[in-house]
Structure formats: structure tokens, C-alpha cells
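Visitor:
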Amino acid sequence: MASEGTIDTEAENLQILLNLLHEDARRLRVEYPFYDLELLSYDPRRGRLRSFVTPDALADARNEHRPSDPDLADELPSWQDVQNACLCSGIVDYDNHEEARQAFEEAWEAARRPHGMPTYIAFDTNVFYNRVATRRIEGDFLGENAHRVPFIVSEAVREELDRQANEKYSSDEVDQLRRTLDVEDLVGALTNRRDKQARIATDALGEVNYLTHRLRAAETTAAKLPGGEENDRVIAQSYRDYGQEHYGRIVLITADSGMQTNASTKGLETIFLETPSMDQPPSGELDERALCNLVHDLAVRFQFLRFPRTGITVWGDWSGKTPQDWMDDVVRIEHTGSKVAGKLAEGLEAVKGVKAGLENR
1 MASEGTIDTE AENLQILLNL LHEDARRLRV EYPFYDLELL SYDPRRGRLR
51 SFVTPDALAD ARNEHRPSDP DLADELPSWQ DVQNACLCSG IVDYDNHEEA
101 RQAFEEAWEA ARRPHGMPTY IAFDTNVFYN RVATRRIEGD FLGENAHRVP
151 FIVSEAVREE LDRQANEKYS SDEVDQLRRT LDVEDLVGAL TNRRDKQARI
201 ATDALGEVNY LTHRLRAAET TAAKLPGGEE NDRVIAQSYR DYGQEHYGRI
251 VLITADSGMQ TNASTKGLET IFLETPSMDQ PPSGELDERA LCNLVHDLAV
301 RFQFLRFPRT GITVWGDWSG KTPQDWMDDV VRIEHTGSKV AGKLAEGLEA
351 VKGVKAGLEN R
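For the sequence shown, this note's numbering begins at 1 and goes up steadily by one.
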């Protein structure tokens, strides 16, 4: 039996954990320990969701544990956080998914023409929150062609995310949460840790870093506009300037109608992603890779997830989590010495060995 401890691993390796847990249970359950609320259950044999928390059930649990400070109350996970996690993980699509896919294909075809005007694909801040680069562009939208497209990211986007990523829980805020949340050791672990919005912003920064490091996106400079213009205008202007400097066509990806208007006034084309309204919980078939992504994305927003009666808790953030960890979707698995933890460590070592062998070929 493994001793108590933690294991840090990429979200894709959560499939090993899920398989091990399935050996001891017919279905997998994921709970939010602060509400003592089941978020979802999954049948691995059928590859289907068995149940998923409803908006009303989550709202009731949230209200029951709501602190008196309204700003701190916003830190408690909401249905909006669940919707965003489902969108990030790909278990729900944008309403115009097929239209967007065709627009990306057209942009790619334009970018590869040898004698046409250069085409650059640019990013608004909101699409990084929704993991469009790693979960969509390298998937349905562009696939392997993602590595051949000229992408650009405004430094104003990175600066906006950097500002949000620095917010942490104060000791007073943690004390207030202790009065409404029941799991003392986990509440204490929030001290001087990133708050919810900071975790989401840091996750988005990991997406920016992935785009610049792995997909070789260029970063544009962003001059401050007179009169303290709002950031949307600064971002749109920086992309316009880049297009003029490089005699190119800019196609901006955004899910914000306000930014779409700003981009239009700057002469930029857009690919607009229509965010779905998820009034009902997801159901039906779900492959294990998407489930692993969902567990990661929920952990970022909820901070802690628990697999009940297993001694396993998944952390979204912890002291010492590095920018590389965020870029690689690393989560922390805390275990209480269960046999699953020992088997998980063995499985992860085996995966590491296989990857090393492939890299050395």
C-alpha cells in the first residue's frame, strides 16, 4: 500500500486513474468536497455520463455555503463555471461550430497561398479562457495544419491575463470561508493561493504560452491609446498595426460581440464563436479523453475535486505549480495511502518510459 502523499501528472494521464478506480466500482463519481455535492457520475463500460449536477442543485448548495462578503461569495463555483469547463473540455460545442470550422479552413487556405496577401490568425482574450487553441484549433478546426498557420497574440492580451493571475486569497478571506465550508484541511490550503479568477487567468496564460512556444505564434506590441482606452480597443489596434506593418490580412478569433464590433471598426475580419446557453446538464456519450479534460477544467475552477470513498482528491492549484505545469495541464492527485495510488504511480512510470523510448527513436 502506498503511503499518503501527492502525485503531479498531466490531465491526459488521469485516464490511468479512472481505469484503476473503475476496477473497484461500476461507475465513477466526482464530488465537490466543500459542498459535499456530487457533480457527475460516469459509466466507463458504456462510455456515458450517468448523472450530472443540475443548475438548481448547484445554486442551492452554493447559497447554503455563501459567505456574507459578496465579493468572496463570487469565489464559490457557480453554474457558469460548470458551463465554461464543459466548453473548454469539448463536451459541448460552440453553437456555430461547423461554421467556425469552415472559416478556419478558409483562413488556412488563404494563409498557404504563395502569392496572396499574408493571412494572420489573431486571438482575443476570451478564447484563451475557453481553451480554443489546444482543444479546438489543434482538433476539429485545423488539426495538424495548426503548426503551419501564422498566429499572432497581442501583448495586451498577456498583460490583461497577468493582472488577473496575481490575485490571491487573504488570511481574512480564508477565515471567512472557514465559517461556511466544512473541510478544514482543504480550506486552510487556500491560504495565499490563487483565487478562482486568478486560477482561470493562469490557465489561460498557459494557453498563450502553448501558442507562442509550441505553435510559434508571434507576439505583437500594444501601444497605450490616448485617454486610457479600454483593453478591447487596445488589442484590436495592436492587431491592426501588425497587419499594416506586415502588409497582411488579420482574422481575429473572438467570442465577444463587443470585440467583434471593435475589430470591424479597425478593419479586421473576425471568426465569431457563438457561446452556447447550457440550461440543462450534459448527458449521453463521453469519451475518456474528454472526461479527463473535464476533470482538469473543473479542478481549475473548483480548486478541489474528490472521488468519494477512494481517498483521492484532485487539486487544480498548489504551492510550486509552475508555468510549465499550467501549459501542460498538470493536476495534483492527493491520496491517503490507498492501493490505487501505488498502482497509479506504477502506471505513470510505465507511461514515462514509453514516452522516453519514443523520443529516443
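From the three backbone atoms N, C-alpha and C, an ideal C-beta is built for every residue, glycine too.
Which residues in the same chain as residue 199 place their Cβ atom closer than 8 Å to its Cβ, once the five residues preceding and following it in sequence are excluded?
Guide: Residue numbering aside, residue 199 sits at position 199 when the sequence shown is read from its first letter. Same-chain partners within the cutoff: 300, 301, 303, 316 and 317.
Visitor: Name, in chain order, the residues that DSSP records as bridge partners for residue 94.
Guide: Here residue 94 refers to the residue found at position 94 when the sequence shown is read from its first residue. Per DSSP, none; premise fails for residue 94.
Visitor: Do residue 34 and residue 161 come within 8 Å of each other at the CB atom, strictly closer than that value?
Guide: For the purposes of this step, residue 161 is taken as the residue at position 161 of the sequence shown. For the purposes of this step, residue 34 is taken as the residue at position 34 of the sequence shown. Not in contact: residue 161 and residue 34 (Cβ atoms no closer than 8 Å).
Visitor: Among 95, 224, 120 and 330, which one has its Cα closest to the Cα of residue 207?
Guide: Sequence index remark: in the sequence shown, residue 207 carries index 207 (1-based). Answer by Cα proximity: 330.
Visitor: Just how far apart, CA to CA, sit residue 183 and residue 214?
Guide: For the purposes of this step, residue 183 is taken as residue 183 along the sequence shown, with counting starting at 1. For the purposes of this step, residue 214 is taken as residue 214 along the sequence shown, with counting starting at 1. If you take the alpha carbons of residue 183 and residue 214, they lie about 39 Å apart.
Visitor: Pick helix, strand or coil for residue 162, following the three-state DSSP scheme.
Guide: Working through the sequence shown from its first residue, we reach residue 162 at position 162. In the structure shown, residue 162 sits in a helix (DSSP, three-state: H, G or I).
Visitor: Taking contact to mean at least 3 C-beta pairs separated by less than 8 Å, is the stretch 94 to 114 in contact with the stretch 38 to 54?
Guide: Judged by Cβ distances under 8 Å, the stretch 94 to 114 makes no contact with the stretch 38 to 54, as fewer than three pairs qualify.
Visitor: Less than 8 Å between the CB atoms is what I'm expecting for residue 259 and residue 236, so what's the real figure, rounded?
Guide: Within the sequence shown, residue 259 is the residue found at index 259, counting from 1. Within the sequence shown, residue 236 is the residue found at index 236, counting from 1. About 7 Å separates the two Cβ atoms, so the contact holds.
Visitor: With DSSP run on the structure shown, which of helix, strand or coil describes residue 154?
Guide: The residue you call residue 154 lines up with position 154 of the sequence shown. Of the three classes helix, strand and coil, the one that applies to residue 154 here is strand, per DSSP.
Visitor: Could you tell me the alpha carbon to alpha carbon distance between residue 125 and residue 29, rounded to whole angstroms?
Guide: Indexing the sequence shown from 1 puts residue 125 at position 125. Indexing the sequence shown from 1 puts residue 29 at position 29. Their backbone Cα atoms lie some 33 Å apart in a straight line.
Visitor: For residue 52, write down the residues that DSSP places opposite it in a beta bridge.
Guide: By 1-based counting over the sequence shown, the position of residue 52 is 52. Partner(s): 40.
Visitor: Per DSSP, what are the beta-bridge partners of residue 304 in this structure?
Guide: For the purposes of this step, residue 304 is identified with residue 304 of the sequence shown, where counting begins at 1. According to DSSP, which records beta bridges pairwise, residue 304 is partnered with 315.
Visitor: Where does residue 266 fall in DSSP's three states?
Guide: Taking the first residue of the sequence shown as position 1, residue 266 is located at position 266. Three-state result, residue 266: coil.
Visitor: Starting from residue 179 and walking both ways along the alpha helix (DSSP H), at which residues does that stretch end?
Guide: What you label residue 179 is simply residue 179 of the sequence shown in a count that begins at 1. Segment 171 to 180, the alpha helix (DSSP H) holding residue 179.
Visitor: Can you tell me which of the three DSSP states residue 272 falls into?
Guide: One-based indexing of the sequence shown puts residue 272 at position 272. If DSSP states are grouped into helix, strand and coil, residue 272 belongs with the strands.
Visitor: Which word fits residue 166, buried or exposed, when buried means at least 16 other C-beta atoms lie within 10 angstroms of its C-beta?
Guide: Along the sequence shown, one-based indexing puts residue 166 at 166. Result: exposed.
Visitor: Which residues does DSSP list as the beta-bridge partners of residue 253?
Guide: Mapped onto the sequence shown, residue 253 falls at position 253. Residue 253 is bridged to 123 and 271.
Visitor: Going by beta carbon distance, what residues of the same chain come within less than 6 Å of residue 8, once the five residues before and after it are set aside?
Guide: Taking the first residue of the sequence shown as 1, we reach residue 8 at position 8. For residue 8, where only same-chain residues beyond five positions count, the Cβ hits under 6 Å are 330 and 332.
Visitor: When the distance is taken between beta carbons, is residue 295 closer than 8 Å to residue 58?
Guide: Position 58 of the sequence shown, counted from the first residue, corresponds to residue 58. Position 295 of the sequence shown, counted from the first residue, corresponds to residue 295. No, Cβ-Cβ distance for residue 58 and residue 295 is not below 8 Å.
Visitor: Cβ atoms of residue 308 and residue 49: under 8 Å apart, would you say?
Guide: Residue numbering aside, residue 49 sits at position 49 when the sequence shown is read from its first letter. Residue numbering aside, residue 308 sits at position 308 when the sequence shown is read from its first letter. No, they are not a contact pair.
Visitor: With a 10 Å radius around its C-beta and 16 neighbouring C-beta atoms as the bar for buried, classify residue 117 as buried or exposed.
Guide: One-based indexing of the sequence shown puts residue 117 at position 117. Burial call: exposed.
Visitor: What would DSSP say about residue 2, mapped onto helix, strand or coil?
Guide: Against the sequence shown, residue 2 aligns to sequence position 2. Any answer about residue 2 is weak, because its pLDDT of 48 lies below 50 and its placement is not dependable; what the coordinates show is given next. The answer is coil: DSSP assigns residue 2 none of H, G, I, E or B.
Visitor: Can you give the beta carbon distance from residue 130 to residue 255, rounded, assuming they're within the 8 Å contact cut?
Guide: Position 130 of the sequence shown, counted from the start, is the residue given in the question as residue 130. Position 255 of the sequence shown, counted from the start, is the residue given in the question as residue 255. That belief holds up - the Cβ atoms of residue 130 and residue 255 are roughly 7 Å apart, short of 8 Å.
Visitor: Taking only three categories from DSSP, how would you classify residue 168?
Guide: Here the question's residue 168 lines up with position 168 in the sequence shown. Three-state DSSP puts residue 168 in a strand.
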